[in-house]
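Trainee: Sharing a structure here in structure tokens format.
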Amino acid sequence: MSMKRRTFLKGTFATGVLSVAVGTGLLKPSDVLAAWPESAFSSKDMDAALSALGASGASDSSNIKIKAPDIAENGAVVPITISTNISGVNAISVLVEKNPQPLAASFELGSNLDGYVSTRIKMGKTSNVIAVVQAGGKSYKAKKMVKVTIGGCGG
Amino acid sequence: MAKNSIKIKAKVKGEKTEVKALIKHNMETGLRKNKKTGEKIPAHFIKEVKCEHNGKTIFTANWGIAVSKNPYLSFKFTGGKKGDTIAISWVDNKGDTDSRSTKVR
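Line by line, the protein sequences give chains P and W. Just so we're aligned, residue 1 is where the first sequence starts under my numbering, counting upward by one. Just so we're aligned, residue 1001 is where the second sequence starts under my numbering, counting upward by one.
Right, here's the structure in full:
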């Protein structure tokens, strides 16, 4: 599988910030093909976010595990681990259904990567956390309800 | 840009190499208000994290404002061995950057 940045989005691409990074030599111009998925991150509901990610038809999969606390004491720091046995994963995305902008993070995985990613996200309130896995041109999803006692979006 | 904001642990476990990174960054959402002035604190968050194994990009994280402050990141891959180089770099919405590399243990 090509190591070039993949464009798995149908939305528009941000360019401004990355021109600075290119100038510093940190990101080489050839790397800046699939830029930050602006329209996916600014989507205000799940359907729009999934569509911007190119994952509108994602089918529910029992092969995606979401490890997250049942109750998050602090919504500002909720540890999330997504793992899957689906082969050929090229992207894993994490969405919080009830956040004002559901897409929290999207990871692009090279061909030798396990279908596994772990991070910590902010949740505004009790909500489903949805994991979207993209592999071999198809999309899959799973969800887990996480209760939040103190919201973490800081609004 | 030696900010020393990135800590990386990269360890071989059987056939897999596990990478864990902790990045020091406020990840300001832009939604919080300064309690004294009432003004919104501007958004300042990492947008992209790139991870290279022996110079080849193998993993990229695209982040929004909902990634926690001082973000944590972990992933695993096949084909790594002790002594290999793992390099992690990030770019935020203001164009700030930092990078760090380490050897796989």
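We put the CB at the ideal spot given by N, CA and C, even for glycine.
Give a yes or no on whether 7 Å exceeds the smallest Cβ distance from residue 1075/W to chain P.
Mentor: Here residue 1075/W refers to the residue found at position 75 of the second sequence. True, the Cβ-Cβ gap to chain P drops below 7 Å.
Trainee: In terms of residue numbering, what span does the beta strand (DSSP E) encompassing residue 1092/W cover?
Mentor: Locating residue 1092/W in the second sequence gives position 92, where the first residue counts as 1. It spans 1085–1092 - the beta strand (DSSP E) in which residue 1092/W sits, taken as one unbroken run.
Trainee: Cβ atoms of residue 1041/W and residue 1021/W: under 7 Å apart, would you say?
Mentor: One-based indexing of the second sequence puts residue 1021/W at position 21. One-based indexing of the second sequence puts residue 1041/W at position 41. In this structure, residue 1041/W does not lie closer than 7 Å to residue 1021/W by Cβ.
Trainee: Run through DSSP, which three-state label would residue 145/P get?
Mentor: Counting from one through the first sequence, the residue named residue 145/P turns up at place 145. Residue 145/P: strand per DSSP, three-state reduction.
Trainee: With 8 Å as the limit, tell me which residues of the segment 1043–1065 of chain W have their beta carbon closer than that to any beta carbon of chain P; keep them in chain order.
Mentor: If the cut-off is 8 Å between Cβ atoms, the segment 1043–1065 of chain W has 1047, 1048, 1050, 1056, 1057, 1058, 1059, 1060, 1061, 1062, 1063, 1064, 1065 near chain P.
Trainee: Taking just the CA atoms, how far does residue 1046/W sit from residue 1064/W?
Mentor: Reading the second sequence from its first residue, position 64 is the one you call residue 1064/W. Reading the second sequence from its first residue, position 46 is the one you call residue 1046/W. Cα-Cα distance, rounded: 7 Å.
Trainee: Only counting the same chain, and skipping five residues up and downstream in sequence, which positions put a Cβ closer than 6 Å to that of residue 136/P?
Mentor: Position 136 of the first sequence, counted from the start, is the residue given in the question as residue 136/P. Once the five neighbours on either side are set aside, the close Cβ partners of residue 136/P are 88.
Trainee: In chain P, which residues lie with their C-beta within 9 Å of the C-beta of residue 1005/W?
Mentor: To locate residue 1005/W, count along the second sequence from 1; it is residue 5. Chain P residues near residue 1005/W: none, gap ~13 Å exceeds 9 Å.
Trainee: Closer than 7 Å, Cβ to any Cβ of chain W: which residues of the segment 123–147 of chain P, in chain order?
Mentor: Result list empty, no residue passes.
Trainee: Of all the CB atoms in chain W, is at least one closer than 7 Å to the CB of residue 25/P?
Mentor: Position 25 of the first sequence, counted from the start, is the residue given in the question as residue 25/P. Model confidence at residue 25/P stands at a pLDDT of 43, short of 50, so the residue's coordinates are unreliable and nothing is read from them.
Trainee: Per DSSP, what kind of secondary structure is residue 114/P in: helix, strand or coil?
Mentor: If you number the first sequence from 1, residue 114/P lands on position 114. Coil, per DSSP.
Trainee: By how many angstroms is the C-alpha of residue 148/P removed from the C-alpha of residue 124/P?
Mentor: Residue numbering aside, residue 124/P sits at position 124 when the first sequence is read from its first letter. Residue numbering aside, residue 148/P sits at position 148 when the first sequence is read from its first letter. Distance between the alpha carbons of residue 124/P and residue 148/P is about 8 Å.
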